[in-house]
Amino acid sequence: MNKLLIGLGAVIAVLIVIASSSLFIVEQTQQAIVLFFGKPQETIREPGLYVKVPFAEEVVYYEKRVLDLDPPKERMILADQKRLDVDSYARYRIIDPLLFYQTTRRVSEVSGKLTPIINSSLRRVLGNETLLDILSGKRATIMVDIQKAVNDAVKRFGMEIVEVRVRRADYPDETRSNIENRMKSEREREAKEFRARGFEMAEGIRADAGKQKIVILAEAQKKAETLRGEGDSQAIKIYADAFNQDPEFFAFYRSMQAYRKSIGSEDTTLVISPNSDFFRFFGDITGKQATK
Numbered sequence: 089m090n091k092l093l094i095g096l097g098a099v100i101a102v103l104i105v106i107a108s109s110s111l112f113i114v115e116q117t118q119q120a121i122v123l124f125f126g127k128p129q130e131t132i133r134e135p136g137l138y139v140k141v142p143f144a145e146e147v148v149y150y151e152k153r154v155l156d157l158d159p160p161k162e163r164m165i166l167a168d169q170k171r172l173d174v175d176s177y178a179r180y181r182i183i184d185p186l187l188f189y190q191t192t193r194r195v196s197e198v199s200g201k202l203t204p205i206i207n208s209s210l211r212r213v214l215g216n217e218t219l220l221d222i223l224s225g226k227r228a229t230i231m232v233d234i235q236k237a238v239n240d241a242v243k244r245f246g247m248e249i250v251e252v253r254v255r256r257a258d259y260p261d262e263t264r265s266n267i268e269n270r271m272k273s274e275r276e277r278e279a280k281e282f283r284a285r286g287f288e289m290a291e292g293i294r295a296d297a298g299k300q301k302i303v304i305l306a307e308a309q310k311k312a313e314t315l316r317g318e319g320d321s322q323a324i325k326i327y328a329d330a331f332n333q334d335p336e337f338f339a340f341y342r343s344m345q346a347y348r349k350s351i352g353s354e355d356t357t358l359v360i361s362p363n364s365d366f367f368r369f370f371g372d373i374t375g376k377q378a379t380k
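Numbering (the working numbering) for the sequence shown: 89 to 380.
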């Protein structure tokens, strides 16, 4: 009885193993290839529960979803002979599992297949464009051309390129250093030109100011001489009119001015004869000399 139970249990266990080996599930995000002793037998694209021959058939699963590829940075030469280190990325999906299995087998091998194709397409398309084209509105068209070129090349692997993008494009280190030095030299040259131009303008302004100063001073001096001459003329006329109106008073006034100028200061010393005409108004207001 015990032997019968043990045998029955063994049979059930074998049946469970066989059943589990005969059934497999394909998820919504998966597609599969059924291999019969290593040879592709069937392609399954729809999700569900499927049956296979235990121990004879094997199932290989592939993603239906879009996958990412990040190739290493590559140096490109543009149509204007400028060099750029281009950092790109791509997104792809497997559209033919059988062809993918026959040409690539594993997703881990995709990078080795796609990276040279992507870089070659980038090099070919960018080699016909200038840096200005890449930086301008033409960039989107360039990316479409690159994607088409890559797609044409990867169809034979059962893949489709959904997107190719240039993440970053930089000048190589040595080129960037040369550009920075050239820009620095250019800025220094411009600064020197601005300083020279400013100095020249300052000199011009100073020279113009000097000329204006000379002209203004000359005009002022001329005007002063004119005014002085007019003043002297008027003074002479006033003196003449005063003399004509009252010669004696005019003589008296002129003598008073002479006294003030000559003896108005405390340290002035005059040695003059008392009978000199200079003192004629000291004796008589009429200016006549006093008689002894």
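C-beta: ideal position from N, C-alpha, C; glycine also. Small disclaimer: the values here were computed from a predicted structure and weren't measured.
For PRO260, no pairing in a beta bridge is given by DSSP. Assignment of beta-bridge partners to GLU151 by DSSP yields GLN118. DSSP places ILE165 in the strand class (E or B) of the three-state scheme. In this structure, the alpha-carbon of SER209 lies about 36 Å from that of GLU274.
When only Cα atoms are considered, VAL174 and ARG194 end up about 27 Å apart. Counted as a single uninterrupted DSSP element, the alpha helix (DSSP H) harbouring GLY200 occupies residues 198–214. ALA290 counts as exposed, since fewer than 16 other C-beta atoms from the protein chains shown sit within 10 angstroms of its C-beta.
Per the coordinates, the alpha-carbon of PHE112 lies some 6 Å from the alpha-carbon of VAL139.
Collapsing the DSSP output to three states places PRO185 in a helix.
Leaving aside the five residues that flank ASP184 on each side, the residues in its chain whose CB is nearer than 6 Å to its CB run, in chain order, GLY246. A Cβ-Cβ separation of about 43 Å leaves GLY215 out of contact with ALA284 under the 8 Å criterion. With fewer than 16 other Cβ atoms inside 10 Å of its own Cβ, MET271 counts as exposed.
Taking a C-beta distance under 8 Å as the contact criterion, VAL250 and TYR150 do not qualify as a contact pair. Uninterrupted beta strand (DSSP E) stretches at least 3 residues long and entirely within the segment 237–322 occur at 247–258, given in chain order.
If the five residues before and after LEU186 are omitted, its C-beta is found closer than 8 Å to the C-beta atoms of ILE121, PRO128, THR131, GLY246, all from its own chain and listed in chain order. Residue state for ALA328 is assigned as helix, using DSSP reduced to three classes. By the criterion of a C-beta distance shorter than 7 Å, GLU217 is surrounded in its chain by LEU166, ALA167, ILE230, once the five residues flanking it on both sides are discounted. Nearest in C-alpha terms to PRO260, of all of ILE94, LYS161, ARG153, GLU115, is LYS161.
By DSSP's assignment, PRO128 forms a beta bridge with LEU123. The Cβ atoms of SER110 and PRO135 lie no closer than 8 Å to each other. By the C-beta density criterion, ASN269 is exposed, having fewer than 16 other C-beta atoms within 10 angstroms. Less than 8 Å divides the Cβ of ARG153 from the Cβ of THR117. Between the alpha carbons of ILE302 and GLN309 lies a distance of about 10 Å.
By the Cβ neighbour-count rule, ILE94 is exposed, with fewer than 16 other Cβ atoms within 10 Å of its own.
Shown here for VAL213: same chain residues with a beta carbon closer than 7 Å to its own, the five before and five after excluded, namely ILE230, ASP233, ILE234, ALA237 in chain order.
As DSSP reads the structure, LEU137 sits in a beta bridge with ILE113. ASP221: member of the alpha helix (DSSP H) spanning 219–223, first to last residue. Only residues of its own chain outside the window of five on either side were considered, and among them TYR177, ALA178, ARG179, TYR180, VAL198, SER199, LEU202, THR203, ILE206 have a CB closer than 8 Å to the CB of LEU157, listed in chain order.
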